[in-house]
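Number of protein chains: 2
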Amino acid sequence: MGKQRQGQLHLGAFLYFTGHHHAGWRHPSSGVEQMFDIRNYTRMAQTAEKGKFDMIFFADLLHLIYPSHAAAGMMDPIALLSALSMVTEKIGLTATMSTTYNEPYNTARKFATLDHISGGRAGWNIVTSQTDAEANNYGRDKHPEHGLRYEMAQEFVDVVTELWDSWDDDALVMDRASGQFADPAKLRQSDFKGQWYASKGPLNVPRPPQGYPVLIQAGSSGPGQDFAARIGEVIFTAQPSLASAQAFYKSVKAKLAEYGRDENSLKIMPGLSPIIGSTEEEARRRERELLDLIRPEEAVGFLSSMLQYDLSGYPVDEQLPDIPDPVGASNGMKSRVQLIMDLARNERLSVLELGRRLLGARGHLQFVGTPEQLADLIEKWFDSYGCDGFNIMPPVLPGNLDEFVDQVVPILQKRGLFREEYEGSTLREHLGLGRPSVGHFKNHKLQTQ
Amino acid sequence: MGKQRQGQLHLGAFLYFTGHHHAGWRHPSSGVEQMFDIRNYTRMAQTAEKGKFDMIFFADLLHLIYPSHAAAGMMDPIALLSALSMVTEKIGLTATMSTTYNEPYNTARKFATLDHISGGRAGWNIVTSQTDAEANNYGRDKHPEHGLRYEMAQEFVDVVTELWDSWDDDALVMDRASGQFADPAKLRQSDFKGQWYASKGPLNVPRPPQGYPVLIQAGSSGPGQDFAARIGEVIFTAQPSLASAQAFYKSVKAKLAEYGRDENSLKIMPGLSPIIGSTEEEARRRERELLDLIRPEEAVGFLSSMLQYDLSGYPVDEQLPDIPDPVGASNGMKSRVQLIMDLARNERLSVLELGRRLLGARGHLQFVGTPEQLADLIEKWFDSYGCDGFNIMPPVLPGNLDEFVDQVVPILQKRGLFREEYEGSTLREHLGLGRPSVGHFKNHKLQTQ
Numbered sequence: 210m211g212k213q214r215q216g217q218l219h220l221g222a223f224l225y226f227t228g229h230h231h232a233g234w235r236h237p238s239s240g241v242e243q244m245f246d247i248r249n250y251t252r253m254a255q256t257a258e259k260g261k262f263d264m265i266f267f268a269d270l271l272h273l274i275y276p277s278h279a280a281a282g283m284m285d286p287i288a289l290l291s292a293l294s295m296v297t298e299k300i301g302l303t304a305t306m307s308t309t310y311n312e313p314y315n316t317a318r319k320f321a322t323l324d325h326i327s328g329g330r331a332g333w334n335i336v337t338s339q340t341d342a343e344a345n346n347y348g349r350d351k352h353p354e355h356g357l358r359y360e361m362a363q364e365f366v367d368v369v370t371e372l373w374d375s376w377d378d379d380a381l382v383m384d385r386a387s388g389q390f391a392d393p394a395k396l397r398q399s400d401f402k403g404q405w406y407a408s409k410g411p412l413n414v415p416r417p418p419q420g421y422p423v424l425i426q427a428g429s430s431g432p433g434q435d436f437a438a439r440i441g442e443v444i445f446t447a448q449p450s451l452a453s454a455q456a457f458y459k460s461v462k463a464k465l466a467e468y469g470r471d472e473n474s475l476k477i478m479p480g481l482s483p484i485i486g487s488t489e490e491e492a493r494r495r496e497r498e499l500l501d502l503i504r505p506e507e508a509v510g511f512l513s514s515m516l517q518y519d520l521s522g523y524p525v526d527e528q529l530p531d532i533p534d535p536v537g538a539s540n541g542m543k544s545r546v547q548l549i550m551d552l553a554r555n556e557r558l559s560v561l562e563l564g565r566r567l568l569g570a571r572g573h574l575q576f577v578g579t580p581e582q583l584a585d586l587i588e589k590w591f592d593s594y595g596c597d598g599f600n601i602m603p604p605v606l607p608g609n610l611d612e613f614v615d616q617v618v619p620i621l622q623k624r625g626l627f628r629e630e631y632e633g634s635t636l637r638e639h640l641g642l643g644r645p646s647v648g649h650f651k652n653h654k655l656q657t658q
Numbered sequence: 210m211g212k213q214r215q216g217q218l219h220l221g222a223f224l225y226f227t228g229h230h231h232a233g234w235r236h237p238s239s240g241v242e243q244m245f246d247i248r249n250y251t252r253m254a255q256t257a258e259k260g261k262f263d264m265i266f267f268a269d270l271l272h273l274i275y276p277s278h279a280a281a282g283m284m285d286p287i288a289l290l291s292a293l294s295m296v297t298e299k300i301g302l303t304a305t306m307s308t309t310y311n312e313p314y315n316t317a318r319k320f321a322t323l324d325h326i327s328g329g330r331a332g333w334n335i336v337t338s339q340t341d342a343e344a345n346n347y348g349r350d351k352h353p354e355h356g357l358r359y360e361m362a363q364e365f366v367d368v369v370t371e372l373w374d375s376w377d378d379d380a381l382v383m384d385r386a387s388g389q390f391a392d393p394a395k396l397r398q399s400d401f402k403g404q405w406y407a408s409k410g411p412l413n414v415p416r417p418p419q420g421y422p423v424l425i426q427a428g429s430s431g432p433g434q435d436f437a438a439r440i441g442e443v444i445f446t447a448q449p450s451l452a453s454a455q456a457f458y459k460s461v462k463a464k465l466a467e468y469g470r471d472e473n474s475l476k477i478m479p480g481l482s483p484i485i486g487s488t489e490e491e492a493r494r495r496e497r498e499l500l501d502l503i504r505p506e507e508a509v510g511f512l513s514s515m516l517q518y519d520l521s522g523y524p525v526d527e528q529l530p531d532i533p534d535p536v537g538a539s540n541g542m543k544s545r546v547q548l549i550m551d552l553a554r555n556e557r558l559s560v561l562e563l564g565r566r567l568l569g570a571r572g573h574l575q576f577v578g579t580p581e582q583l584a585d586l587i588e589k590w591f592d593s594y595g596c597d598g599f600n601i602m603p604p605v606l607p608g609n610l611d612e613f614v615d616q617v618v619p620i621l622q623k624r625g626l627f628r629e630e631y632e633g634s635t636l637r638e639h640l641g642l643g644r645p646s647v648g649h650f651k652n653h654k655l656q657t658q
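Those sequence lines, one after another, are chains Z and E. Heads up: the first sequence at position 342 corresponds to 551 in this note's numbering, and the numbers run straight through without jumps. Heads up: the second sequence at position 138 corresponds to 347 in this note's numbering, and the numbers run straight through without jumps.
Written as structure tokens, this is what we have:
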């Protein structure tokens, strides 16, 4: 497998409700009956902690997708993570919060609160909302354009970090005798007035234990990479092959220097959706079982929406036709279309199979094989600078997470790739990230601002 | 004490961080050192549950008040309540969320999530933000005027309840065999388009277990009373005397009929801040001890801000002068000024003592005496239709909550006024409130809409 890298492999448990596979909820090992019962999430978080994962992660969308499907239900991630902070001890607690439909002051406060109540385990995946269906839930017709959304998100993060910085770490005095609770000289107004956002401050919650909760970013487009290189500390990305992952890894790490950042200050974690079996044959059988649960009209509909191109009249058993240049498509997932077309060509997939594959793993790396083979893949990607770790996306939850923890983690530990115990108590410590001091980001503001 | 009323006394535990008394945090029994540690709140919530309280309640303000004082720190209430749902079984979990600086879709979703994860124990105190300091944290200079804010809040609640109603109670099918997760015929878009808010829906969380989380309201002004009479199920109010409480009770209950509502569908719970001692003398001594911890400049500053009238040059030992008509003051707490002036006149309080009294109890009813005397007061107010219960505001937390539960609750139970065990498992059941069906509020929309 080549010479082993310095440093630690990182693992996230991406808890996508009943699982990442579109038909996963129909599987006997899914927790669909309990998907609005916190005990289902307690069990998963505790399993991930037993497996010494760096963090659990909840995605978030601000509209109802697939009314006929389990992803219809998405409880509020901050509420879920706050609850789970009470039944876990060490594991990081991370979630998406959109900059498009939340106020910076509320966002700063919610993540500061989660960081306080969890003892420094919070992480924020910074996203911009992408779909018109979300805009419609907030009284708007459309979203701003792709590039503009990132500019707005950058300003949003500037406000939030300045609010976190509005208390010095030692601002709390709490002296009963003198009656001084906090030292006013160690509190400051941010007086932020940007192009889109303004907030006077100070925040009404002291500086988070981690300084800032860990800042996560999940866009792989050009503006997304720039954004991550400036402020990201973890990047979740969809990489379907080692070659694309290595190119992405190199590109993003190189950009860090432009902002005066060390390359270890950003961890790159592609999504990985594994289907394992005791033999390759068993794993393939389990994959087929799940794929067959996806109805053809759902597979083709999903592929059409991913490509922003209607394939409903196209023969499902033929190969994907050439898809028109997506540049003209507004607010599209631009960087994904080329990856999807490459996948279809390389593996000669029919429209139906491509749709099922994508809907199953939602554009992320899929693996089908034995626990040993999966450990090989993880080791290879890690050792050859394809990633700093993976965000594990079990196809069926909680069943496949149990299997990963019981069957794959021990192999990674035996190979010396992964921790056997938590060494620190904060998410920053798990990830090997430094604690930002007050004013941390003032040093790497965008040149354009 | 007069003939006992039918029905049940209701109690809320208003957990205002280190206590409601301005100087409470300086007291040895305050939890100030742990005020950003969830264990402090766990202890208080479990104590209130041991005392069979209907609910705990967190206030919320969207700015930092008193940097020198413990109320500076206000963690996010939804995060706190979500965490506390994991360490309690029965008690209601309620908090303020402002309609001014939150989106209706997010608000509907957060409370629906809390209701799901707590098994039907959530309640939302609907407020409009009042201070320019809050506006400044959200990039605005000022708030809308008082009356307009209520009109906007009413529309906000209409959006939120329609989003809760966007799933029928039996919309979830979860049939693995057919692949039907939810019945699309039992989901609906709200397509709400109001004057200030719009949301298409459906919500991405199923209808809350309680139908709607309990709707709480805390304004006592004219528009506040109308708002409560239309949509409130609990009203928190500041009533400094039994006579004013009875007048308020009668007025609000009479208004319910205008909206076709039963008088039991709204519970009136004045704030009550008790200082108890084993003798009256001990209680007085404890009161004096707390008052003396309030520095004169803080007392006079607070009184000035409550009255929106600068008293800083006024002799602190003289009686309160006549305060100019507050009608001209924009965005003021209009209904409170008259109550404060009446209190000063009736009890012949100096400016300093008035300021200390108000800052101590923040305008709510104060009680100083023995547990028996406190039980007498509670019984008298309840029996003579001054209230349906009280929102208990301990001056020092957690110390005074422990005392109330250990010393006062048993007396109320012995007198048959208060439950010895929870009979139901939802907050609606504790409060004796019906479960709203889909479309509940369409029957009592404001005439003006």
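Every residue gets a Cβ at the ideal spot worked out from N, C-alpha and C, and that includes glycine. Treat the numbers as computed from the prediction; the structure is a model and nothing was measured.
*In chain Z, which residues lie with their C-beta within 9 Å of the C-beta of A330(E)?*
Stepping through the second sequence from its first residue, residue 330(E) is reached at position 121. First, the amino acid is wrong: residue 330(E) is Arg here, not Ala. Per Cβ cutoff of 9 Å: no residues; R330(E) is ~12 Å from chain Z at best.
_Beta-carbon contacts of A436(Z) that lie in its chain and below 7 Å, excluding the five residues immediately before and after_ = To locate residue 436(Z), count along the first sequence from 1; it is residue 227. Inspection of the sequence shows that residue 436(Z) is occupied by Phe rather than by Ala. Excluding positions up to five away in sequence, the list reads Y359, A362, Q363, Q426, G428.
*Whose Cβ in chain Z lies nearer than 7 Å to the Cβ of V647(E)?*
Indexing the second sequence from 1 puts residue 647(E) at position 438. The contacting residues do not exist; V647(E) stays about 16 Å from chain Z at best.
*With respect to the beta strand (DSSP E) encompassing A331(E), which residues constitute its N-terminal and C-terminal limits?*
Start at 1 with the first residue of the second sequence, and residue 331(E) comes out as number 122. Residues 331–336.
*Output, in chain order, the set of chain E residues within a Cβ distance shorter than 7 Å of D378(Z).*
In the first sequence, counting from the first residue as 1, residue 378(Z) sits at position 169. Using a Cβ-Cβ cut-off of 7 Å, D378(Z) is close to nothing in chain E; its nearest Cβ partner there is about 13 Å away.
*For G329(Z) versus S646(Z), is the C-beta distance shorter than 8 Å?*
Start at 1 with the first residue of the first sequence, and residue 329(Z) comes out as number 120. Start at 1 with the first residue of the first sequence, and residue 646(Z) comes out as number 437. Contact: no.
*Please state if the CB of A288(Z) and the CB of I300(E) are separated by a distance shorter than 8 Å.*
For the purposes of this step, residue 300(E) is taken as residue 91 along the second sequence, with counting starting at 1. For the purposes of this step, residue 288(Z) is taken as residue 79 along the first sequence, with counting starting at 1. Taking 8 Å as the Cβ cut-off, I300(E) and A288(Z) do not qualify as a contacting pair.
*asked:* On a Cα-Cα basis, can you pick out the residue from D341(Z), E527(Z), V368(Z), G480(Z) that is closest to H272(Z)?
replied: Position 63 of the first sequence holds residue 272(Z). The candidate whose alpha carbon is nearest that of H272(Z) is D341(Z).
_Close beta carbons around A553(E), own chain, < 8 Å, minus the five adjacent residues each side_ = Translated into positions along the second sequence, residue 553(E) becomes position 344. The residues are Q528, L529, L563.
*Beta-carbon of S593(Z) versus every beta-carbon of chain E: anything under 8 Å?*
Here the question's residue 593(Z) lines up with position 384 in the first sequence. For S593(Z), the nearest beta carbon of chain E is not closer than 8 Å to its own beta carbon.
*May I ask you to report which of helix, strand or coil DSSP gives L424(E)?*
Walking along the second sequence from the start, residue 424(E) turns up at place 215. Note: L424(E) maps to strand in three-state DSSP.
_Members of the segment 488–510 of chain Z near chain E, C-beta cut-off 8 Å_ = Those residues of the segment 488–510 of chain Z that come within reach of chain E (Cβ to Cβ, closer than 8 Å) are L502, R504.
*Give the straight-line distance between the Cα atoms of E472(Z) and R349(E), rounded to the nearest whole angstrom.*
By one-based count along the first sequence, residue 472(Z) stands at place 263. By one-based count along the second sequence, residue 349(E) stands at place 140. Cα to Cα, the separation comes out at about 39 Å.
*So L412(E) is in the alpha helix (DSSP H); what residue range does that whole segment cover?*
For this step, residue 412(E) is matched to residue 203 along the second sequence. Careful: L412(E) lies outside any alpha helix (DSSP H) and carries neither H nor E.
*asked:* For the segment 407–420 of chain E, list every residue whose C-beta sits within 8 Å of some C-beta in chain Z, in sequence order.
replied: Residues passing the 8 Å Cβ filter: A407, S408, K409, G410, P411, L412, N413, V414, P415.
_What are the residues in the segment 241–257 of chain Z lying within 9 Å of chain E by C-beta distance?_
Residues V241, E242, M244, F245, D246, I247, Y250, T251.
*Can you tell me which of the three DSSP states D400(E) falls into?*
For the purposes of this step, residue 400(E) is taken as residue 191 along the second sequence, with counting starting at 1. Here DSSP, grouped into helix, strand and coil, assigns D400(E) to coil.
*Can you round the beta-carbon distance between S234(E) and L451(E) to whole angstroms, since I take them to be within the 8 Å contact cut?*
Along the second sequence, read from residue 1 onward, the residue named residue 234(E) stands at position 25. Along the second sequence, read from residue 1 onward, the residue named residue 451(E) stands at position 242. First, the residue type needs correcting, since residue 234(E) is Trp and not Ser in the sequence shown. About 30 Å; that fails the 8 Å criterion.
*Minimum C-alpha distance to T251(Z) - residue among A232(Z), T297(Z), D285(Z)*: Here residue 251(Z) refers to the residue found at position 42 of the first sequence. The shortest C-alpha to C-alpha distance from T251(Z) to any of A232(Z), T297(Z), D285(Z) is the one to T297(Z).
*Comparing the C-beta of L606(Z) with each C-beta of chain E, is any distance below 8 Å?*
Translated into the one-based positions of the first sequence, residue 606(Z) becomes position 397. By this cut-off, L606(Z) is not an interface position.
*On the DSSP bridge assignment, give the partners of S375(Z) in chain order.*
Locating residue 375(Z) in the first sequence gives position 166, where the first residue counts as 1. Answer is none; S375(Z) lacks a bridge partner.
*Is the CB-CB distance between S338(Z) and H352(Z) below 8 Å?*
Along the first sequence, read from residue 1 onward, the residue named residue 338(Z) stands at position 129. Along the first sequence, read from residue 1 onward, the residue named residue 352(Z) stands at position 143. It is a contact, given that the beta carbons lie within the stated cut-off.
_Outcome for K319(E) when other beta-carbon atoms lying within 10 angstroms are tallied against a minimum of 16_ = By one-based count along the second sequence, residue 319(E) stands at place 110. It counts as buried.
_Rounded to the nearest angstrom, what separates S474(Z) and R628(E) at their Cα positions?_
Residue numbering aside, residue 474(Z) sits at position 265 when the first sequence is read from its first letter. Residue numbering aside, residue 628(E) sits at position 419 when the second sequence is read from its first letter. Taking the straight line from one Cα to the other gives about 56 Å.
*Counting only runs of 3+ residues fully inside the segment 263–318 of chain Z, write out the beta strand (DSSP E) ranges in chain order.*
Here the runs fully enclosed are 264–267, 301–307.
*asked:* Is the separation between the beta-carbon of D592(E) and that of H219(E) shorter than 8 Å?
replied: Stepping through the second sequence from its first residue, residue 592(E) is reached at position 383. Stepping through the second sequence from its first residue, residue 219(E) is reached at position 10. D592(E) is not a Cβ neighbour of H219(E), given a cutoff of 8 Å.
_I need the straight-line Cα distance from L655(Z) to V368(Z), nearest angstrom please._
Residue mapping note: residue 655(Z) aligns to position 446 of the first sequence, counting from 1. Residue mapping note: residue 368(Z) aligns to position 159 of the first sequence, counting from 1. Only weak support exists for where L655(Z) lies, its pLDDT of 38 falling under 50; the value from the coordinates is given anyway. Linking L655(Z) to V368(Z) through their CA atoms gives a straight-line distance of about 14 Å.
*State buried or exposed for Q547(Z), treating a residue as buried only when at least 16 other CB atoms are found within 10 Å of its CB.*
Residue mapping note: residue 547(Z) aligns to position 338 of the first sequence, counting from 1. Classification of Q547(Z): exposed, given that the 10 Å Cβ count is below 16.
*Residues in its own chain within less than 7 Å of P505(E) by CB, not counting five upstream and five downstream?*
Here the question's residue 505(E) lines up with position 296 in the second sequence. Contacts found: V525, L561.
_Please report the distance separating the alpha-carbon of I549(E) from that of V618(E)._
Here residue 549(E) is taken as the residue at index 340 of the second sequence, counted from 1. Here residue 618(E) is taken as the residue at index 409 of the second sequence, counted from 1. Those two C-alpha atoms are separated by around 30 Å.
*If we count the other Cβ atoms within 10 Å of its Cβ and call it buried at 16 or more, is S460(E) buried or exposed?*
Within the second sequence, numbered from 1, the residue matching residue 460(E) stands at position 251. Label assigned to S460(E): exposed.
*Cβ of P479(E) within 8 Å of Cβ of A447(E)?*
Here residue 479(E) refers to the residue found at position 270 of the second sequence. Here residue 447(E) refers to the residue found at position 238 of the second sequence. With contacts defined as CB atoms closer than 8 Å, P479(E) and A447(E) qualify as a contacting pair.
_Selection from D392(E), I335(E), R248(E) that minimises the alpha carbon distance to V423(E)_ = Your numbering for residue 423(E) matches position 214 in the second sequence. That would be I335(E), whose Cα lies nearest to the Cα of V423(E).
*Does the segment 222–239 of chain E touch the segment 404–415 of chain Z, meaning 3 or more C-beta pairs lie closer than 8 Å?*
Taking one beta carbon from each stretch, the segment 404–415 of chain Z and the segment 222–239 of chain E have fewer than 3 pairs nearer than 8 Å; the two do not touch.
*Beta carbon of L381(E) nearer than 8 Å to that of L412(E)*: By 1-based counting over the second sequence, the position of residue 381(E) is 172. By 1-based counting over the second sequence, the position of residue 412(E) is 203. Not in contact: L381(E) and L412(E) (Cβ atoms no closer than 8 Å).
*Residues of chain Z with a CB under 9 Å from the CB of T309(E): which are they?*
Translated into the one-based positions of the second sequence, residue 309(E) becomes position 100. Taking a Cβ-Cβ threshold of 9 Å, none of the residues of chain Z is close to T309(E); the smallest such distance is about 10 Å.
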